[in-house]
Amino acid sequence: QVQLVESGGGLVQAGGSLRLSCAASGRIFSINAMNWYRQAPGKQRELVATITSGGSTNYVDSVKGRFTISRDNAKKTVYLQMNSLKAEDTAVYYCMYSTRYGDYWGQGTQVTVSS
Numbered sequence: 157q158v159q160l161v162e163s164g165g166g167l168v169q170a171g172g173s174l175r176l177s178c179a180a181s182g183r184i185f186s187i188n189a190m191n192w193y194r195q196a197p198g199k200q201r202e203l204v205a206t207i208t209s210g211g212s213t214n215y216v217d218s219v220k221g222r223f224t225i226s227r228d229n230a231k232k233t234v235y236l237q238m239n240s241l242k243a244e245d246t247a248v249y250y251c252m253y254s255t256r257y258g259d260y261w262g263q264g265t266q267v268t269v270s271s
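Next comes the structure, spelled out in structure tokens:
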């Protein structure tokens, strides 16, 4: 059974930094892309960042220049370094692995940025 477990969320002041991690356990193969989504209260879930198996990255405009996604293939782990955090970054952050055999989601980790 595949499980994704996020960590690293918390409360931070505006302008601060956090690093999220998402580690996969279980038999998971052919990971095409690793993604971070977020969902703020009353809003739809949005794709924040993606990193492909080849290392290409993509970001939503609102986090470009502030967030960096990276991955460790050997550890089946994806990271999201978040700098210069803003109040509008407050949300539950989810990792999602897109594989040949389906998509897997983590349970989410809360990020709260105080202004």
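Residue 157 is where the sequence shown starts when you use the working numbering, and the numbers rise one by one after that.
A virtual CB, placed ideally from N, CA and C, is assigned to each residue, including glycine.
| Asked | Found |
| --- | --- |
| From which residue to which residue does the beta strand (DSSP E) around arginine 194 run? | 187-195 |
| Rounded to the nearest angstrom, what separates threonine 208 and valine 216 at their Cα positions? | 15 Å |
| In chain order, what are the residue ranges of uninterrupted alpha helix (DSSP H) at least 4 long that sit wholly in the region 158-234? | none |
| I'd like to confirm the pairing. Which residues does DSSP put opposite alanine 247 in its beta bridges? | Val267 |
| Closer than 8 Å by C-beta to serine 254: which residues in its own chain qualify, once you throw out the five before and the five after it? Chain order, please. | Ile187, Asn188, Ala189, Met190, Asn191 |
| Assuming arginine 125 contacts tyrosine 235 under a Cβ cut-off of 8 Å, what Cβ separation, rounded to an integer in Å, is found between them? | Nothing in the structure corresponds to residue 125, since the chain is present only between 157 and 271. |
| Roughly how many whole angstroms lie between the Cα atoms of glutamine 195 and threonine 268? | 12 Å |
| Using three-state DSSP, classify serine 254 as helix, strand or coil. | strand |
| Return the Cβ separation of phenylalanine 223 and alanine 205 in integer angstroms, given the expectation that the two are a contact with Cβ distance under 8 Å. | 6 Å |
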